[in-house]
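**Q** Protein chains in written order, with the numbering used here: chain G, 1 to 236; chain W, 1001 to 1178. Heads up, the beta-carbon is just placed ideally off N, CA and C, and yes, glycines get one too. What follows is a structure written as C-alpha cells; I'll ask about it next.
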C-alpha cells in the first residue's frame, strides 16, 4: 500500500469556451475510497482524467509524491498509468482480438515483462476478481459484468497504487453493478488500494468513504463518512 | 401490510401458538417494530371468527394454558389470494422534503431552499452508506439484504429528486440574476 497522497491544486480546464473545471483543490489520502459525483457537465470526468494524468489541465497542478502528474510528458504519464495508476472506464475497453488473460497481461508486456510471467500474473488477477474461468475467452464472449471484472484485473495487474474508475458500473444492471462495487470495496479494504471513482448513481456513491460533489466545475460539498457535520467544512 | 395475512403466512409452516407467532414475526422483520402480544391475540381472534384459522390444541406445561392454532382450508385459500395479488401502487407519494423545500422557498428564497437541499443530500447519502454497509456485512441475512435494497432504492430516488431540484433552483437563480 502506498503512503503517498495525491494532491491537486487550483485545477482549471475548459473545452473551447465551455469551462469544465473552475478551480479545484483536492487532497486524496492513501487508502481512501473517494467518489466524485455531480450532474452531467459538472466536471466530474474531467477531474478524474486530470487526476489520473489522462489529460493535462489548462492551469493548476496534480502531484503524486515527488511526481508532477500534470507536468509530465505524454510518455511519462502513460508510463505512470501502466505502473502506479490503474484506469477503468464505463465500457472496459478490452482489446477485442485478445483473450481475457492476454488483455490483463498487456500492461505487463508493455512494461517489458516476459510473456509467460505476465500471463501467469494475469491469471492470478483474474482469479482474484472472480473470473478465472474466462481466461481463454475473447471479450465478445463475456457478459457485461465479466468484461468489467477483466478490465478491473487489467487496471490493477501492475499493483497500481491508485485505481481511477469512470462510471465503472454504468453499463451494468444493478446486481452486476453491486458485485463490481463489492469487489472494489474488498480491494480497498484488503489491499489498501486507493480508489477514485466517478458516478452519477447515488447507490454506487454510497460505497465511498469520501464524496466529492461537484457543481459547475467546483467542489460543492466534500463529505467524509463518519463525520457528523460535513457541511460546515464543505460548503463553498 | 396486514397483520392477519402475516400470521396466516407464518401458520403455513404448521400449527403454532401466539408466542411462536410473535417470535416468528420479529425474526422475519428485524427492522420493524416488534409485534405486541395484544396485537397477536387480537388478530388471532379475528382470524378464528372469520374461519381462517382454528384451534388445534390446548397445552398446559406447568404454566397457563396455551392454545395452538392452525390454518383452515379457507385460511389457506385467503393466503394464496393475498400473496398472488399485486399491491396498489400509491397514487400520491408523501414527500416531506418537498413540503420543507416549499416553505424554505417561500420564507427564505432559492438560497435557503438550496442550503436545505444540500444538507438533506448529505444526510441521505450518509444513510445510504449505512444501508450499504449493512448489506455487505458477512452475517447479513437475505431479509436484511432485501430490506436494505428497498431502503436504498427509495433513498436513491430522493437523492435524484434533490439533484433535480438543485438544478432547477440553479436555473431559477440564473433567470433572476443574469
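#1: So what does residue 194 of chain G bridge to, in DSSP terms?
#2: Return helix, strand or coil for residue 1018 of chain W, following the three-state DSSP convention.
#3: Can you say whether residue 1154 of chain W is buried or exposed, counting buried as having 16 or more other CB atoms within 10 angstroms of its CB?
#4: What does the Cβ neighbour count give for residue 1018 of chain W, buried or exposed, with the cut at 16 atoms within 10 Å?
#5: Pull out every residue of the stretch 29-44 of chain G whose Cβ sits closer than 7 Å to any Cβ of chain W, in chain order.
#6: With which residues is residue 62 of chain G paired in a DSSP beta bridge?
#7: Determine the DSSP secondary structure at residue 245 of chain G, reduced to helix, strand or coil.
#8: Note down the Cα distance separating residue 221 of chain G from residue 52 of chain G, rounded to an integer number of angstroms.
#9: Can residue 1132 of chain W and residue 206 of chain G be called in contact, C-beta distance under 7 Å?
#10: Which runs of the alpha helix (DSSP H) at least 4 residues long sit entirely within the stretch 1104-1148 of chain W? Give them in chain order.
#11: At 7 Å on the CB atoms, spell out the chain A contacts of residue 1136 of chain W, in chain order.
#12: Near residue 169 of chain G, which residues of its chain fall below 6 Å by C-beta distance, leaving aside the five closest residues on each side in sequence?
#13: Interface residues of chain G around residue 1111 of chain W at Cβ under 9 Å?
#14: Starting from residue 1023 of chain W, find everything on chain G with Cβ-Cβ shorter than 8 Å and list it in chain order.
#15: Determine the DSSP secondary structure at residue 200 of chain G, reduced to helix, strand or coil.
#16: In the DSSP assignment, what residue or residues form a beta bridge with residue 221 of chain G?
#17: Using only the alpha-carbon positions, how far apart do residue 97 of chain G and residue 84 of chain G sit?
#18: What does a CB cutoff of less than 8 Å around residue 250 of chain G pick up in its chain, not counting 5 residues either side in sequence?
#19: Taking its Cβ as the centre, do 16 or more other Cβ atoms sit within 10 Å of residue 945 of chain W, making it buried, or is it exposed?
#20: For a contact defined as C-beta to C-beta under 8 Å, what are the partners of residue 205 of chain G on chain W?
#21: In angstroms, rounded to a whole number, what distance separates the CA positions of residue 146 of chain G and residue 1167 of chain W?
#22: Between residue 100 of chain G and residue 109 of chain G, is the Cβ-Cβ spacing less than 7 Å?
#23: Which residues in the same chain have their Cβ closer than 8 Å to the Cβ of residue 1128 of chain W, if we skip the five residues on either side of it in sequence?
#24: Put residue 189 of chain G into one of helix, strand or coil per three-state DSSP.
#25: For residue 236 of chain G, I'd like the list of residues in its chain whose CB is within less than 8 Å of its CB, leaving aside the five on either flank, ordered along the chain.
#26: Chain G partners of residue 1160 of chain W, CB-CB under 8 Å?
#27: Are residue 154 of chain G and residue 129 of chain G closer than 7 Å when you measure CB to CB?
#28: Quick one: Cα of residue 1050 of chain W to Cα of residue 186 of chain G, how far?
#29: For residue 1087 of chain W, count neighbouring Cβ atoms within 10 angstroms of its own Cβ and tell me buried if that reaches 16, exposed if not.
#30: Nearest to residue 1069 of chain W by CA position, among W/1119, W/1116 and W/1012, is which residue?
#31: From this set, W/1008, W/1161 and W/1145, which residue's C-alpha is nearest residue 1080 of chain W's C-alpha?
#32: Got a sec, what are the start and stop residues for the alpha helix (DSSP H) residue 1037 of chain W sits in?
#33: Should residue 166 of chain G and residue 47 of chain G be called a contact, given that it needs their Cβ atoms to be closer than 7 Å?
#34: Can you pull the chain W neighbours of residue 211 of chain G, defined as C-beta to C-beta under 7 Å?
#35: Give me the chain G residues within the contact set of residue 1167 of chain W, using Cβ-Cβ distance strictly less than 8 Å, ordered along the chain.
**A** According to the structure shown:
#1: G/162
#2: helix
#3: exposed
#4: buried
#5: 39
#6: G/8
#7: This structure cannot speak to residue 245 of chain G, because chain G is shown only from 1 to 236.
#8: 21 Å
#9: yes
#10: 1110-1136
#11: Given the protein chain composition of this structure (G and W), no chain A is represented.
#12: 177, 180 and 204
#13: Simply none; closest approach about 11 Å.
#14: Per Cβ cutoff of 8 Å: no residues; residue 1023 of chain W is ~31 Å from chain G at best.
#15: coil
#16: G/213
#17: 26 Å
#18: Since the first and last residues shown for chain G are 1 and 236, residue 250 of chain G lies out of range.
#19: This structure leaves residue 945 of chain W out entirely; chain W is present only between 1001 and 1178.
#20: 1125 and 1128
#21: 35 Å
#22: no
#23: 1152, 1155, 1156 and 1159
#24: helix
#25: Reliability of the predicted coordinates at residue 236 of chain G is poor, the pLDDT of 36 falling under 50, and no value is obtained from them.
#26: 202
#27: no
#28: 53 Å
#29: exposed
#30: W/1012
#31: W/1008
#32: 1037-1049
#33: no
#34: 1125
#35: 39
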